[in-house]
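For the protein sequence lines, the chains are A and B, in the order given.
Residue numbering for the first sequence follows numbering that gives the first Met the number 0, beginning at 0 and increasing consecutively.
Residue numbering for the second sequence follows numbering that gives the first Met the number 0, beginning at 0 and increasing consecutively.
These notes are about the structure you will find just below.
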Amino acid sequence: MKELVGRPYHELRPRLGKDLSVRELVDAYLENIERLDGQVRAYLTVTADQARAQAQELDGRLARGEPLPPLAGMPVAVKDNLCTRGVRTTCGSRILEPFVPPYDATAVQRLREAGAVLLGKTNLDEFAMGSSTENSGFFPTRNPWRLDHVPGGSSGGSAAAVAAGEALAALGSDTGGSIRQPASLCGVVGLKPTYGRVSRYGLVAFASSLDQIGPLSLDVRDCALVLQVISGHDPHDSTSVDLPVPDFVASLEAGVRGLRVGVPAEFFGEGLQPGVRQAVLEAVRVLEGLGARVEEVALPTLEYALPTYYLIACAEASSNLARYDGVAYGYRSPRADDLYTLYARTRAEGFGPEVKRRIMLGTFALSEGYYEGFYKKAQQVRTLVRRDFDRCFQRVDVLATPTSPVAGFRLGERTADPLQMYLADVYTIPVNLAGLPGISVPCGFVDGLPVGLQLVGRPFEEATVLRVAYAYEQATEWHRHRCPFLRG
Amino acid sequence: MRITPEVVERVARLSRLELTEEERATYASQLSSILEYFARLDRLPTEGVEPTSHAIRVTNVFRPDQVMPSLPVEAVVAMAPQAHEGFVVVPRVLEAEE
Numbered sequence: 000m001k002e003l004v005g006r007p008y009h010e011l012r013p014r015l016g017k018d019l020s021v022r023e024l025v026d027a028y029l030e031n032i033e034r035l036d037g038q039v040r041a042y043l044t045v046t047a048d049q050a051r052a053q054a055q056e057l058d059g060r061l062a063r064g065e066p067l068p069p070l071a072g073m074p075v076a077v078k079d080n081l082c083t084r085g086v087r088t089t090c091g092s093r094i095l096e097p098f099v100p101p102y103d104a105t106a107v108q109r110l111r112e113a114g115a116v117l118l119g120k121t122n123l124d125e126f127a128m129g130s131s132t133e134n135s136g137f138f139p140t141r142n143p144w145r146l147d148h149v150p151g152g153s154s155g156g157s158a159a160a161v162a163a164g165e166a167l168a169a170l171g172s173d174t175g176g177s178i179r180q181p182a183s184l185c186g187v188v189g190l191k192p193t194y195g196r197v198s199r200y201g202l203v204a205f206a207s208s209l210d211q212i213g214p215l216s217l218d219v220r221d222c223a224l225v226l227q228v229i230s231g232h233d234p235h236d237s238t239s240v241d242l243p244v245p246d247f248v249a250s251l252e253a254g255v256r257g258l259r260v261g262v263p264a265e266f267f268g269e270g271l272q273p274g275v276r277q278a279v280l281e282a283v284r285v286l287e288g289l290g291a292r293v294e295e296v297a298l299p300t301l302e303y304a305l306p307t308y309y310l311i312a313c314a315e316a317s318s319n320l321a322r323y324d325g326v327a328y329g330y331r332s333p334r335a336d337d338l339y340t341l342y343a344r345t346r347a348e349g350f351g352p353e354v355k356r357r358i359m360l361g362t363f364a365l366s367e368g369y370y371e372g373f374y375k376k377a378q379q380v381r382t383l384v385r386r387d388f389d390r391c392f393q394r395v396d397v398l399a400t401p402t403s404p405v406a407g408f409r410l411g412e413r414t415a416d417p418l419q420m421y422l423a424d425v426y427t428i429p430v431n432l433a434g435l436p437g438i439s440v441p442c443g444f445v446d447g448l449p450v451g452l453q454l455v456g457r458p459f460e461e462a463t464v465l466r467v468a469y470a471y472e473q474a475t476e477w478h479r480h481r482c483p484f485l486r487g
Numbered sequence: 000m001r002i003t004p005e006v007v008e009r010v011a012r013l014s015r016l017e018l019t020e021e022e023r024a025t026y027a028s029q030l031s032s033i034l035e036y037f038a039r040l041d042r043l044p045t046e047g048v049e050p051t052s053h054a055i056r057v058t059n060v061f062r063p064d065q066v067m068p069s070l071p072v073e074a075v076v077a078m079a080p081q082a083h084e085g086f087v088v089v090p091r092v093l094e095a096e097e
């Protein structure tokens with residue numbers, strides 16, 4: 000089992016049908032979940048029986064010599080805000096605890112069609128609102144590198160699962176950094192595609208103008224493999240873009256010679272942990288050594304991105320979450336005799352404190368007398384943030400920044416002060432405001448905790464982002480480090 | 000920006016959230032400090048700047064108005080906390096007529 004878990008899919012795939020069956024691979028992962036998840040707590044639901052049945056079916060196809068789909072036998076986990084037909088989808092919230100969707104999210108359906116085997120649903124901050132997975136309505140997930148530290152969030156369950164060898168890859172969602180930040184804290188690869196690249200159909204909406212689904216994986220090649228499968232237009236999501244999907248794997252090895260890498264000075268200022276700064280600047284030097292041209296660029300609106308994001312995201316959330324009213328599905332308060340009380344009490348009992356805070360912040364920002372000063376102002380600043388990026392991308396091809404200002408933090412360290420928690424996403428948020436593709440790849444350690452390098456590209460240039468990430472990864476060893484659970 | 004417990008209560012009502020007195024006080028102080036931090040946006044001049052609602056251009060998408068199969072009524076109603084003969088049950092909203 001040991002030699003199977005923690006190895007990237009692209010290394011295992013050639014062995015399928017030879018000295019390795021899908022059932023063996025899936026069993027190895029299920030056993031590892033059994034062994035570790037009592038401590039890591041990455042999963043809200045494990046679908047072991049279905050996974051074994053699907054593995055069996057794939058082995059049958061192998062035995063009959065049928066051609067294997069691109070992700071055949073890949074044991075994957077899915078964040079619990081993505082709808083899975085017949086499998087409970089809670090969003091990490093009590094209000095959706097009883098919810099069993101009658102359909103699959105498009106990204107999930109595409110994974111299944113590509114032969115990936117769903118192991119279960121991973122924990123998250125309630126409705127993806129948070130940066131530590133401590134806002135889950137059920138329990139916090141822990142960082143497999145150090146159990147008294149958070150795995151980041153909101154896709155903390157997905158990141159921890161991949162890091163602990165409890166899934167070979169996972170899907171997350173990223174509204175302000177929720178794939179990249181936990182990927183950074185857990186030492187795995189996480190990519191947020193361009194807004195519109197991946198269908199959001201079946202993703203429980205948080206902030207619809209910012210949300211994107213993306214992969215978390217052990218290395219860049221696996222990331223490209225999963226992205227390939229989930230990308231593309233979907234008539235069920237009118238914001239998914241009808242553009243051809245390039246071959247992400249084919250362009251991985253093109254190298255970075257002559258490519259221009261921008262380093263925005265604002266991302267290296269106050270609040271950045273010295274060890275993180277050092278690791279990221281060293282990573283930039285590695286890219287330079289590979290032939291990239293490094294230039295300093297400016298993103299002066301960085302300090303305005305955080306409030307802009309929270310105003311927009313909360314405004315959209317306050318509207319999106321209006322649907323949880325105890326009427327058609329989910330939790331309903333048993334203590335209500337009239338309709339208003341049914342709504343207000345269901346929501347009071349079903350939502351946790353951070354979700355309530357954001358609903359109220361958003362409702363306030365949209366309410367009469369405050370709309371112009373808050374919501375509209377934020378949308379205008381969003382334009383300025385976008386223009387900053389446009390200016391950068393006239394001069395450079397990708398931007399290199401830290402993913403997170405710190406390598407990690409302890410459970411409970413930031414829960415008392417919401418603003419401190421919000422600052423965990425300060426470097427990832429602008430990328431969502433501008434709708435750009437961004438990836439986090441491991442680039443070092445501070446006190447035994449992984450550090451992530453964020454690479455950001457032009458809209459729909461995931462291929463470039465992946466190519467730079469791959470070149471960096473191949474030149475370094477960081478992506479081969481595994482958490483203590485998977486060593487010897 | 001000072002957010003009073005009264006403002007919190009008004010916003011909570013608009014949001015259909017029942018709050019305890021303790022929650023009202025906590026949210027008043029937390030929302031105050033969050034909005035105080037957000038006030039830095041006022042330092043940035045935005046006169047004449049177009050607001051952005053989506054970073055990537057989105058346009059209306061049209062399709063032919065065709066009848067397509069939808070989820071079966073039973074599957075949908077089965078998700079409801081309380082249902083009766085294919086309908087979702089909620090507390091009475093109209094007075095019964097004599």
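Glycine included, each C-beta is placed from N, C-alpha and C at the ideal position.
Every value quoted in this text rests on a predicted model; they were computed, and no experiment measured them.
Residue i to residue j, Cα distance in whole Å?
i      : j      : result
L184/A : F267/A : 18 Å
G155/A : R259/A : 32 Å
V450/A : V39/A  : 19 Å
E49/B  : L305/A : 19 Å
T89/A  : V225/A : 24 Å
N122/A : E287/A : 38 Å
E17/B  : R344/A : 6 Å
N319/A : P101/A : 20 Å
R488/A : L61/A  : The structure shown does not extend to residue 488/A, since chain A is modelled only from 0 to 487, so the question has no answer here.
L310/A : G59/A  : 52 Å
G213/A : V219/A : 13 Å
G257/A : A291/A : 5 Å
P429/A : L360/A : 20 Å
S317/A : G368/A : 17 Å
G201/A : V77/A  : 12 Å
F484/A : E371/A : 52 Å
G114/A : T51/B  : 39 Å
S250/A : L146/A : 37 Å
L289/A : I94/A  : 51 Å
P352/A : E65/A  : 51 Å
A347/A : A364/A : 20 Å
R357/A : E10/A  : 43 Å
So, with DSSP's three-state summary, where would you put residue i?
i      : result
A399/A : strand
T51/B  : coil
L11/A  : helix
K376/A : helix
H235/A : coil
C391/A : helix
F247/A : coil
P68/B  : coil
R331/A : coil
L19/A  : strand
A11/B  : helix
R409/A : strand
P74/A  : strand
L18/B  : coil
G114/A : coil
G349/A : helix
T88/A  : coil
T83/A  : strand
I'd like to confirm something about residue i: is its beta-carbon nearer than 7 Å to some heavy atom of the ligand NAD, or not?
i      : result
V380/A : Looking for the ligand NAD in the displayed structure turns up nothing, as the structure carries no ligands at all.
Going by DSSP, what residues sit across from residue i in a beta bridge?
i      : result
H83/B  : F86/B
V6/B   : Bridge partners of V6/B: none, in fact.
G451/A : P441/A
R259/A : R292/A
V197/A : S230/A
D44/A  : It is Thr, not Asp, that sits at residue 44/A in the sequence shown. The partner list for T44/A (beta bridge, DSSP) reads K120/A.
K191/A : G437/A
G213/A : G171/A
L489/A : Residue numbering for chain A in the displayed model covers 0 to 487; residue 489/A lies beyond these limits and cannot be assessed.
For the stretch 123-189 of chain A, list the alpha helix (DSSP H) runs that are entirely contained and at least 4 residues long, ordered along the chain. Whole alpha helix (DSSP H) segments, 4+ residues: 155-162 and 179-185.
Which runs of the beta strand (DSSP E) fall wholly inside the stretch 285-322 of chain A and span at least 3 residues, in chain order? Along the stretch 285-322 of chain A, the beta strand (DSSP E) occurs as fully enclosed runs of 3 or more residues at 292-296, listed in sequence order.
Kindly confirm or deny that the stretch 156-171 of chain A and the stretch 414-427 of chain A touch, where touching means at least three C-beta pairs closer than 8 Å. Contact between the stretch 156-171 of chain A and the stretch 414-427 of chain A is absent, with fewer than three C-beta pairs closer than 8 Å.
Any chance the stretch 386-400 of chain A sits against the stretch 125-135 of chain A, with 3 or more Cβ pairs inside 8 Å? Here the stretch 386-400 of chain A makes no contact with the stretch 125-135 of chain A; the two share fewer than three CB pairs at distances below 8 Å.
So does the stretch 141-155 of chain A actually touch the stretch 178-193 of chain A, counting three or more Cβ pairs closer than 8 Å? Taking a cut-off of 8 Å on C-beta distances, the stretch 141-155 of chain A touches the stretch 178-193 of chain A, as three or more cross pairs fall below it.
How about the stretch 295-313 of chain A and the stretch 261-276 of chain A: do they share at least three Cβ pairs that are nearer than 8 Å? Touching, yes, given that three or more Cβ pairs across the two stretches are closer than 8 Å.
Would the stretch 33-51 of chain A and the stretch 113-122 of chain A be scored as touching if the rule is three or more Cβ pairs under 8 Å? Judged by Cβ distances under 8 Å, the stretch 33-51 of chain A makes contact with the stretch 113-122 of chain A, as three or more pairs qualify.
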